[in-house]
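The listed protein sequences correspond, in order, to chains A and B. Residues in the first sequence are numbered from 205 upward in steps of one, following my numbering. Residues in the second sequence are numbered from 6 upward in steps of one, following my numbering. All residues carry an ideal CB built from backbone N, CA and C; glycine is no exception.
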Amino acid sequence: MNIAQHEQYRHSVLPRTNQDEGSRQEFVKSLKLFLATNISPRNRQVYEQLAKPEFERKHGRPPKDRHEVRKTMNDQSHYRFWSSMLRTSQEMMWASCQTPVERQLDQLIEQSKQATSEKSNLRLNPSLEIPKYHTAVDIHCQPGAYHTEFTDDDVAAGALYDSGVYLYAMGRMGPFNEDMGASQVAYIKEQYPDFAPKRILDLGCAVGHSTLPYVDAFPDAEVHAIDVAAPMLRYANARACSLGRAVSFSQQNAESMDFEDGSFDLIVSHILLHETSAKALKNILAECYRLLAPGGVMVHSETPPYKDMDEYDAFILDWDTYNNNEPFWGYTHELDLPKIVKQAGFDPSDVFEGMATSAFEAAQHKRTNIFQGGDFGGGGVWYLWGCWKR
Amino acid sequence: MGMLETIGSYTKLTSQVKLQKHAKGSRPYYFDEPAVDRLLAMILALASEVSVSRDRQDTLERLISDKGLLSQNEIEDFQPTKEILAERDARREHYLGQILRIVDIDAADMGRNDVSPAWEKVINSVTETN
Numbered sequence: 205m206n207i208a209q210h211e212q213y214r215h216s217v218l219p220r221t222n223q224d225e226g227s228r229q230e231f232v233k234s235l236k237l238f239l240a241t242n243i244s245p246r247n248r249q250v251y252e253q254l255a256k257p258e259f260e261r262k263h264g265r266p267p268k269d270r271h272e273v274r275k276t277m278n279d280q281s282h283y284r285f286w287s288s289m290l291r292t293s294q295e296m297m298w299a300s301c302q303t304p305v306e307r308q309l310d311q312l313i314e315q316s317k318q319a320t321s322e323k324s325n326l327r328l329n330p331s332l333e334i335p336k337y338h339t340a341v342d343i344h345c346q347p348g349a350y351h352t353e354f355t356d357d358d359v360a361a362g363a364l365y366d367s368g369v370y371l372y373a374m375g376r377m378g379p380f381n382e383d384m385g386a387s388q389v390a391y392i393k394e395q396y397p398d399f400a401p402k403r404i405l406d407l408g409c410a411v412g413h414s415t416l417p418y419v420d421a422f423p424d425a426e427v428h429a430i431d432v433a434a435p436m437l438r439y440a441n442a443r444a445c446s447l448g449r450a451v452s453f454s455q456q457n458a459e460s461m462d463f464e465d466g467s468f469d470l471i472v473s474h475i476l477l478h479e480t481s482a483k484a485l486k487n488i489l490a491e492c493y494r495l496l497a498p499g500g501v502m503v504h505s506e507t508p509p510y511k512d513m514d515e516y517d518a519f520i521l522d523w524d525t526y527n528n529n530e531p532f533w534g535y536t537h538e539l540d541l542p543k544i545v546k547q548a549g550f551d552p553s554d555v556f557e558g559m560a561t562s563a564f565e566a567a568q569h570k571r572t573n574i575f576q577g578g579d580f581g582g583g584g585v586w587y588l589w590g591c592w593k594r
Numbered sequence: 006m007g008m009l010e011t012i013g014s015y016t017k018l019t020s021q022v023k024l025q026k027h028a029k030g031s032r033p034y035y036f037d038e039p040a041v042d043r044l045l046a047m048i049l050a051l052a053s054e055v056s057v058s059r060d061r062q063d064t065l066e067r068l069i070s071d072k073g074l075l076s077q078n079e080i081e082d083f084q085p086t087k088e089i090l091a092e093r094d095a096r097r098e099h100y101l102g103q104i105l106r107i108v109d110i111d112a113a114d115m116g117r118n119d120v121s122p123a124w125e126k127v128i129n130s131v132t133e134t135n
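What follows is the structure, encoded as structure tokens:
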């Protein structure tokens, strides 16, 4: 099959757009890319030439961390304009994707049932409690977040997310939004060529966009994926069926799952951890340890940690913590990895970190190759960390 | 197949379920006066709609050109007549009048706020009972 690389692949449950809806989405994509490429980088100049000298005059020293940079940048006009427009672009992004979903919802629900009529592999748990870190605020400003159901057999959140992620990354994660999973699994195969997992688990899978590359990379493995949100999983199941991939989806909280001890050789997550909480993170890592078989490994990807960045780069990547309904973002960029894996039962000497080169090369010319708020997928590499279980 | 493949009809679908329109969580504002953020958001929304219209026009031009009714060059090389120019001038004047309506109001000294003496005078003039 010849897949066009410049647009999102129209699998059977992807919401379709009419002329104006499509143009509205294209505009958001252009606006976001323009902000990331032309407006955002000037913030560093503003910092170096205006904000930092001002701070130094006042305090006799430069800002010491991302928090001090943020406080001084909050007064800068250019930063205010960029922030205001970036926040608005996020809201426009969801709105531009929501209109087609709302209009087609009956049909999308029907499509998802049809797509899964023959080989559905989904376990839902209506009594699962949605964790507070998902209900307190709507994560990344997605109205209703992952979990809200607006009607019976709802797939709206999944359909909205699938279209939204494509715009959020400005298409730079490829026609299947799969760049995180594809890059991470390519990294694992390259680093550990003899590693052949038989059972794989993807945590917080959303619509399964990062899950499917594992099915392709390890065709003999059994692939499981969990999420707390039913509308995501219904959509994910239909999407996977439509794309001819076999994944076992179940509605579970990664803090406490119903799989047997030692069930998996490989447990992965992709930008999941920053959407949890400090307590949940501990529980999730403990569950990873319990569920891994000896010789198994967990691998998690996020944007890069702040420890290797100067105070400005940390500040600009930290934008989401304060401006995009991502309250746990900052915390997960300052993890003490040996400490937290030890608490979970791992040997801290087995921790590793890596940078996985983006698998979707066709988007290289649209990347800024910097890590900054509002530029997801622009770095050209994905940061990952993990730990083996002895 | 046979599902969403009839895209032509799919674009006309309607459903009754209403989704949540705003994200839960307090929205940050960046300027000392939040109205500036709101105006900026409106400008971006308008910029989006202008871009949407331009795309639609581009679609039209291409379809017309593909059907051989006229070529892209004919549109680019089109020379409006005196009458067409006059019609366009009038339309633009009306258009600018709408966009700059607020400035015109200010100029006409009607842009007073609730407590302006001029307005109090108007209120008094209509509320006098004897």
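Measure the Cβ-Cβ separation of A:Ser227 and B:Val55 and say whether it is below 7 Å.
-> no
Residue range of the alpha helix (DSSP H) that B:Arg61 falls in?
-> Pro39 to Asp71
Straight-line Cα distance separating A:Ala518 from A:Gly590 | 22 Å
Would B:Gln25 count as contacting chain A if we go by Cβ distances under 7 Å?
-> With 7 Å as the cut-off, B:Gln25 counts as an interface residue toward chain A.
Chain A contact for B:Asp42 (CB, 7 Å cutoff) = It does: the Cβ of B:Asp42 has a partner Cβ on chain A nearer than 7 Å.
Check the Cβ of B:Arg67 against every Cβ in chain A and list those closer than 9 Å, keeping chain order.
-> In chain order: nothing, as chain A lies at least about 12 Å away.
A:Ser549 versus A:Lys236: straight-line alpha-carbon distance, rounded | It is Gly, not Ser, that sits at residue 549 of chain A in the sequence shown. Taking the straight line from one Cα to the other gives about 42 Å.
Going by beta carbon distance, what residues of the same chain come within less than 8 Å of A:Val499, once the five residues before and after it are set aside?
-> In the sequence as presented, Val is not what sits at residue 499 of chain A; that position holds Gly. Excluding positions up to five away in sequence, the list reads Asp469, Trp592, Lys593 and Arg594.
So which residues on chain A does B:Lys5 lean against when the C-beta distance must stay under 7 Å?
-> Any question about residue 5 of chain B goes unanswered here, given that chain B covers just 6 to 135.
A:Met461, buried or exposed, once every other Cβ within 10 Å from all chains shown has been counted against 16 | buried
Using only alpha-carbon positions, find the residue among A:Tyr283, A:Ala442, A:Ser331 and A:Arg376 that is nearest to A:Ser216.
-> A:Ala442
Classify A:Ser331 as helix, strand or coil using the three-state DSSP reduction.
-> Secondary structure at A:Ser331: coil, using DSSP grouped into helix, strand and coil.
At a cut of 8 Å, does the stretch 75 to 91 of chain B reach the stretch 327 to 345 of chain A through at least three beta carbon pairs?
-> no
Could you pull the start and end residues of the alpha helix (DSSP H) that A:Cys492 belongs to?
-> Ala482 to Leu495
Between A:Gly581 and A:Trp523, which are expected to be in contact by the criterion C-beta below 8 Å, what is the C-beta distance as a whole number of angstroms?
-> A:Trp523 and A:Gly581 do not touch by the CB rule: their CB atoms are close to 15 Å apart, not below 8 Å.
Output the distance between the C-alpha atoms of A:Met513 and A:Cys492, rounded to the nearest integer angstrom.
-> 29 Å
Hey, quick one: how far does the beta strand (DSSP E) through A:Ser452 stretch, first residue to last?
-> Ser452 to Gln455
Using Cβ-Cβ distances below 8 Å, what residues of the stretch 312 to 335 of chain A are close to chain B?
-> Gln315, Gln318 and Ala319
Quick one: Cα of A:Val232 to Cα of A:Arg449, how far?
-> 31 Å
Between the C-alpha atoms of A:Val501 and A:Ile471, what's the straight-line distance to the nearest angstrom?
-> 6 Å
In whole angstroms, what is the alpha-carbon distance linking A:Ala490 and A:Glu382?
-> 27 Å
Exposure of A:Glu230, with buried meaning 16 or more beta-carbon neighbours within 10 Å | buried
Mind listing the chain A neighbours of B:Thr86? Cutoff is C-beta to C-beta under 8 Å, in chain order.
-> What B:Thr86 touches in chain A: nothing, since even the nearest Cβ is about 31 Å away.
Express the C-alpha separation of B:Glu38 and B:Gly102 in angstroms, rounding to a whole number.
-> 27 Å
DSSP state of A:Pro498, grouped into three classes?
-> strand
Can you grab the Cα-Cα spacing for the pair A:Ser414 / B:Leu45, in whole Å?
-> 35 Å
Could you check where the beta strand (DSSP E) with A:Asp431 kicks off and where it finishes?
-> Counting along the chain, the beta strand (DSSP E) containing A:Asp431 begins and ends at Glu426 to Asp431.
Return no unless some Cβ of chain B is closer than 7 Å to the Cβ of A:Asn527.
-> yes
Under 7 Å between C-beta atoms of A:Pro417 and A:Ala458 = no
With DSSP as the reference, label B:His27 as helix, strand or coil.
-> DSSP places B:His27 in coil when its eight states are reduced to three.
Any non-hydrogen atom of the ligand ADP closer than 6 Å to A:Gly578 Cβ | The ligand content of the structure shown is nil, which means the ligand ADP is not present either.
Can you list, in chain order, the residues of its chain whose CB lies under 6 Å from that of A:Gln308, leaving out five sequence neighbours each side?
-> Pro219
Output the boundary residues of the beta strand (DSSP E) element that contains A:Asp224.
-> Taken as a continuous stretch (DSSP letters only), A:Asp224 belongs to no beta strand (DSSP E), being part of the alpha helix (DSSP H) at Gln223 to Phe238.
By how many angstroms is the C-alpha of A:Ala497 removed from the C-alpha of A:Asn206?
-> 39 Å
Backbone CA spacing between A:Pro267 and A:Arg261 [nearest angstrom] = 11 Å
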